[in-house]
Amino acid sequence: MGVKPPGTAERGLPRLSAGRLLLTVAAGIALVAGVVGVIGQVADFSRLRDALSEMEPAWFAPAVVGKFGGYAGYVLAYRSVAAMNGGPRLDLWIVTRIVAIGFGAVVAASAPGGLAVDWWALHRAGCTVHDALRRVLGLNTLQWAALGAFAALAGLAAVIGIGGSEVPLGMDLGWLVVVPLCVAGGLWASSPARIERLSDVPPARPLERLTPGAIARWGWRGLRVALADAIGGLAYVRPALRNPVRHRTGLLGYSLYWAGDMLTLYACLRAFGADLGLVALVLTYATAYVATALPLPVGGAGGVDAAFTLTLTAVGIPLAPALLIAVTYRGVSFWLPIIPALALLPTVRRLARDLRDIAGQGAPAT
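The numbers in this note's numbering rise by one with no breaks, and the one at position 103 of the sequence shown is 108.
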């Protein structure tokens with residue numbers, strides 16, 4: 006096989022280092038401070054001080070429990086979905102390291118940074134380039150499908166008058182319309198009659214000359230490949246939804262992930278004397294969380310805080326406590342997990358060796 010050159014283990018990973026991550030954290034804190042300054046002026050800093058003086062720190066304990074409980078669910082779901090259809094069977098410690106390092110990539114780059122770590126790990130564990138990408142997209146789709154299901158059910162409850170008096174009509178109707186459309190599109194594209202054709206990767210053709218026509222054809226092929234892999238990822242979603250008992254670990258794991266993160270938000274609400282019913286909490290959380298899917302720098306620091314603040318005000322939370330709730334929630338949900346990410350960054354080379362061993366085993370044991 007030969008000796009791999011230095012850095013091969015990390016090839017395909019976003020540029021991660023403790024120094025880079027800490028520098029990004031500093032930039033993120035500056036962005037959050039800017040958002041707090043701008044919104045704080047509108048909210049009146051005296052009201053922010055009043056809300057801080059009434060804070061109940063005891064609620065921070067369930068907030069932290071919710072966050073790490075959610076990550077435990079994510080680890081279980083990741084492991085289950087990665088092993089589907091003959092995929093690599095990863096032990097819990099390997100998946101825990103992948104998830105933690107992936108979170109560091111989200112902070113250092115953006116949401117796609119975490120997906121890049123997932124792709125690298127599955128590729129190192131023996132999946133082909135396209136299969137690894139499709140599994141990652143399947144993981145991500147199933148994760149968001151769980152949140153979409155929660156939000157659509159909450160939207161339905163709000164529309165028929167079950168605990169939704171605090172929720173604007175557009176918020177619940179939005180989820181009731183968008184989620185079924187996405188499900189219908191996914192079912193159509195992933196049907197056995199057409200998924201093989203739609204997920205077929207067109208053959209590669211070298212770009213011999215930089216003519217407008219050649220560049221256009223090259224770009225069109227790139228779009229077709231991306232679409233083929235996105236549809237191919239549905240091959241890992243459809244079986245899980247059709248056989249929920251068989252794939253219960255994945256489905257329950259993602260449900261636990263979202264429930265844990267919602268518990269974190271609820272605990273932050275209670276810490277500042279605010280409260281929301283279950284329906285309003287789910288819809289508020291899901292609506293604000295959409296901002297995290299955008300490829301924003303520094304993991305959306307500042308921008309996501311503003312999105313949560315504005316969404317909380319839409320369901321009746323005054324601006325001053327809404328800002329503090331959003332910043333506190335992000336502190337627990339986004340900034341706190343940086344600690345294990347930093348602790349595990351030095352283990353990347355060891356993780357690469359463990360994944361390579363799994364690939365060499367062919368049918369690895371748990």
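We put the beta carbon where it would ideally sit given N, CA and C, even for glycine. All values reported here derive from a predicted model rather than from experimental measurement.
Please classify residue i: is it buried, with 16 or more other beta-carbons within 10 angstroms of its beta-carbon, or exposed?
{"i": "Gln148", "result": "buried"}
{"i": "Pro342", "result": "buried"}
{"i": "Ile344", "result": "exposed"}
{"i": "Leu124", "result": "Sequence inspection shows Trp at residue 124; the Leu mentioned does not correspond to that position. The residue is buried, with at least 16 neighbouring Cβ atoms inside 10 Å."}
{"i": "Leu27", "result": "exposed"}
{"i": "Arg358", "result": "exposed"}
{"i": "Leu57", "result": "exposed"}
{"i": "Gly237", "result": "buried"}
{"i": "Gly24", "result": "exposed"}
{"i": "Arg335", "result": "buried"}
{"i": "Gly365", "result": "exposed"}
Mapping the DSSP letters down to three states, classify residue i as helix, strand or coil.
{"i": "Asp362", "result": "helix"}
{"i": "Ser204", "result": "coil"}
{"i": "Ala319", "result": "helix"}
{"i": "Asp49", "result": "coil"}
{"i": "Ser58", "result": "helix"}
{"i": "Thr352", "result": "helix"}
{"i": "Arg251", "result": "coil"}
{"i": "Thr5", "result": "As shown, the chain starts at 6 and ends at 371. That puts residue 5 outside it, with no answer to give."}
{"i": "Phe108", "result": "helix"}
{"i": "Cys187", "result": "helix"}
{"i": "Thr29", "result": "helix"}
{"i": "Pro67", "result": "helix"}
{"i": "Phe155", "result": "helix"}
{"i": "Val172", "result": "coil"}
{"i": "Phe313", "result": "helix"}
{"i": "Ile165", "result": "coil"}
Rounded to whole angstroms, how far is the Cβ of residue i from the Cβ of residue j, which I believe are closer than 8 Å?
{"i": "Leu228", "j": "Leu53", "result": "Actually they are not in contact, since the Cβ atoms of Leu228 and Leu53 sit about 47 Å apart, beyond 8 Å."}
{"i": "Gly92", "j": "Gly107", "result": "That belief does not hold up - the Cβ atoms of Gly92 and Gly107 are roughly 17 Å apart, past 8 Å."}
{"i": "Leu239", "j": "Thr146", "result": "7 Å"}
{"i": "Val295", "j": "Met267", "result": "Val295 to Met267, Cβ: 14 Å. No contact."}
{"i": "Leu349", "j": "Ala105", "result": "5 Å"}
{"i": "Arg102", "j": "Leu356", "result": "5 Å"}
{"i": "Leu152", "j": "Ala291", "result": "6 Å"}
{"i": "Gly131", "j": "Ile363", "result": "7 Å"}
How big is the Cα-Cα spacing for residue i and residue j?
{"i": "Phe339", "j": "Thr216", "result": "45 Å"}
{"i": "Val70", "j": "Thr29", "result": "26 Å"}
{"i": "Leu192", "j": "Arg243", "result": "8 Å"}
{"i": "Gly321", "j": "Phe277", "result": "14 Å"}
{"i": "Leu246", "j": "Lys72", "result": "25 Å"}
{"i": "Thr133", "j": "Phe155", "result": "33 Å"}
{"i": "Ala68", "j": "Arg129", "result": "35 Å"}
{"i": "Val172", "j": "Ala319", "result": "8 Å"}
{"i": "Arg94", "j": "Thr314", "result": "40 Å"}
{"i": "Ile34", "j": "Pro323", "result": "24 Å"}
{"i": "Leu299", "j": "Arg199", "result": "30 Å"}
{"i": "Gly45", "j": "Pro207", "result": "53 Å"}
{"i": "Cys273", "j": "Asp49", "result": "21 Å"}
{"i": "Gly179", "j": "Gly190", "result": "17 Å"}
{"i": "Asp55", "j": "Gly265", "result": "29 Å"}
{"i": "Arg84", "j": "Arg253", "result": "12 Å"}
{"i": "Leu187", "j": "Glu201", "result": "The sequence shown places Cys at residue 187, rather than the Leu named in the question. Approximately 20 Å, taken between the alpha carbons."}
Considering only heavy atoms of the ligand ADP, does any lie closer than 7 Å to the CB of residue i?
{"i": "Ala130", "result": "For the ligand ADP, the structure offers nothing, since it holds no ligand at all."}
Using a Cβ-Cβ distance cut-off of 8 Å, determine whether residue i contacts chain B.
{"i": "Ala198", "result": "Reference to chain B is not applicable here, since this structure consists of a single protein chain."}
contact_flag[the stretch 141 to 152, the stretch 160 to 173] where n(CB pairs < 8 Å) is 3 or more:
By the Cβ rule, the stretch 141 to 152 does not count as touching the stretch 160 to 173, because fewer than three pairs are nearer than 8 Å.
Under 8 Å, with one C-beta from each stretch per pair, do the stretch 38 to 49 and the stretch 311 to 328 reach the 3-pair mark?
Enough Cβ pairs lie closer than 8 Å, so yes.
Is the stretch 307 to 315 touching the stretch 58 to 73, taking contact as three or more C-beta pairs under 8 Å?
Using a Cβ-Cβ distance cut-off of 8 Å, the stretch 307 to 315 and the stretch 58 to 73 are not in contact, since fewer than three pairs of beta carbons, one from each stretch, lie closer than that value.
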